[in-house]
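A.B. asks: Numbering (full-length UniProt numbering), first residue to last: 1 to 294.
Backbone N, C-alpha and C fix where the C-beta goes; we use that ideal spot for every residue, glycine too.
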């Protein structure tokens, strides 16, 4: 069954103190292309998200949006070094006594020492680990949702393609019914015209019949009709294939277009020409739809 390259998936997951939301949008593209927008501290994990998408989807252009919220305190609080503070206070009192200064020791005096307060930073590695665990799970959820939507869109594509193939077959049946009659009509008109123009007994009747046969062969479109039916059957087999068949369908569509063009070029008949025009219109619509098949 065919899948569309157009879709959207959203997934969320939480791990420890981190909650991640991942959104993935995909559109049609000839090859596989992934663009990831995520917090800078997770940049090294971008390749993992790209690999996950390549493992699941054959083709398409994917845009991934990653948002992470964390309950882990990422501020940079300060911690008082009590031992150092006590020693600096004692040192200041000694200095105060030695200098004969009666002014009290203030907090500003102690804060002049650099190591009275020390930064208590969070563990960056632990924070990355917790965040990535949430992002990884959310990514898988988003991929599953995207796959479901692409499959759903694929079913709609398949139905539309089937309808257009049936429309082509309806006109093809009309062409096949009309084609032999049209050849006979052209042959008879040629005979009647020659009978009116040529009365000379020296004219080689066998040669005339040969030329009429050549004309009939030039007007014959039976081979094109047979090949067109074969291409349509092959197209149907491909849309039922379990493997991605977008590239194959594109090639078969080109072959269908080729046969329809030839039938129209050899028509020389208003009825067949009308069928040819309608078939071309359906082929163009099929061509547009196939561009979105994975």
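To the nearest angstrom, report how far apart residue 46 and residue 148 are at their CA atoms.
C.D. replies: When rounded, the distance between both Cα atoms is 23 Å.
A.B. asks: Quick one: is residue 100 buried, meaning 16 or more other Cβ sit within 10 Å of its Cβ, or exposed?
C.D. replies: Per the 10 Å Cβ criterion, exposed.
A.B. asks: I'd like to confirm the pairing. Which residues does DSSP put opposite residue 9 in its beta bridges?
C.D. replies: DSSP lists 24 as partners of residue 9.
A.B. asks: Quick one: what does DSSP say residue 59 is sitting in, helix, strand or coil?
C.D. replies: In the structure shown, residue 59 sits in coil (DSSP, three-state: anything other than H, G, I, E or B).
A.B. asks: Once the 5 residues before and after residue 244 are set aside, which same chain residues still bring their CB inside 6 Å of it?
C.D. replies: For residue 244, where only same-chain residues beyond five positions count, the Cβ hits under 6 Å are 58 and 294.
A.B. asks: Apart from the five residues on each side of it in sequence, which residues of its chain come closer than 8 Å, Cβ to Cβ, to residue 155?
C.D. replies: Closer than 8 Å at Cβ, skipping near neighbours: 1.
A.B. asks: Between which two residues does the alpha helix (DSSP H) harbouring residue 271 extend?
C.D. replies: Its alpha helix (DSSP H) spans residues 270-290.
A.B. asks: Give the C-beta separation of residue 15 and residue 137 to the nearest angstrom, bearing in mind that I take them to be a contact with Cβ-Cβ under 8 Å.
C.D. replies: Confirmed, about 7 Å.
A.B. asks: With distances taken from CA atoms, which of 60, 64 and 256 is nearest residue 236?
C.D. replies: The candidate whose alpha carbon is nearest that of residue 236 is 256.
A.B. asks: So, are the CB atoms of residue 131 and residue 70 less than 8 Å apart?
C.D. replies: It is a contact, given that the beta carbons lie within the stated cut-off.
A.B. asks: Compare the C-alpha of residue 311 against each of 44, 18 and 284 and name the closest.
C.D. replies: Here the chain comprises residues numbered 1 to 294, so residue 311 is not present and cannot be evaluated.
A.B. asks: Counting C-beta neighbours from all protein chains within 10 Å, is the total for residue 152 16 or more, i.e. buried, or is it exposed?
C.D. replies: By the 10 Å Cβ count, residue 152 comes out exposed.
A.B. asks: Looking at C-beta atoms only, is the number of pairs between the stretch 3-23 and the stretch 164-180 that lie closer than 8 Å three or more?
C.D. replies: Not touching, per the Cβ criterion.
A.B. asks: Is any beta-carbon of chain C found at less than 8 Å from that of residue 38?
C.D. replies: Chain labels in this structure do not include chain C; a single protein chain is all it has.
A.B. asks: Would you identify the three-state DSSP class for residue 69, choosing helix, strand or coil?
C.D. replies: Here residue 69 sits in strand by DSSP.
A.B. asks: Do you know offhand how far residue 340's Cα is from residue 150's?
C.D. replies: Past the edges of the chain, shown from 1 to 294, lies residue 340, and the structure says nothing about it.
A.B. asks: Pull the bridge partners of residue 293 from the DSSP assignment, please.
C.D. replies: Note: residue 293 sits in a beta bridge opposite 4.
A.B. asks: What's the C-alpha gap between residue 260 and residue 61?
C.D. replies: Distance between the alpha carbons of residue 260 and residue 61: 32 Å.
A.B. asks: On the premise that residue 249 lies in contact with residue 290, defined as a C-beta separation below 8 Å, what is that separation, rounded to the nearest angstrom?
C.D. replies: That pair is a contact at about 5 Å.
A.B. asks: In angstroms with no decimal places, state the Cα-to-Cα distance between residue 286 and residue 233.
C.D. replies: Roughly 15 Å between the two C-alpha positions.
A.B. asks: Per DSSP, which residues does residue 236 bridge with? Please list them.
C.D. replies: Answer is none; residue 236 lacks a bridge partner.
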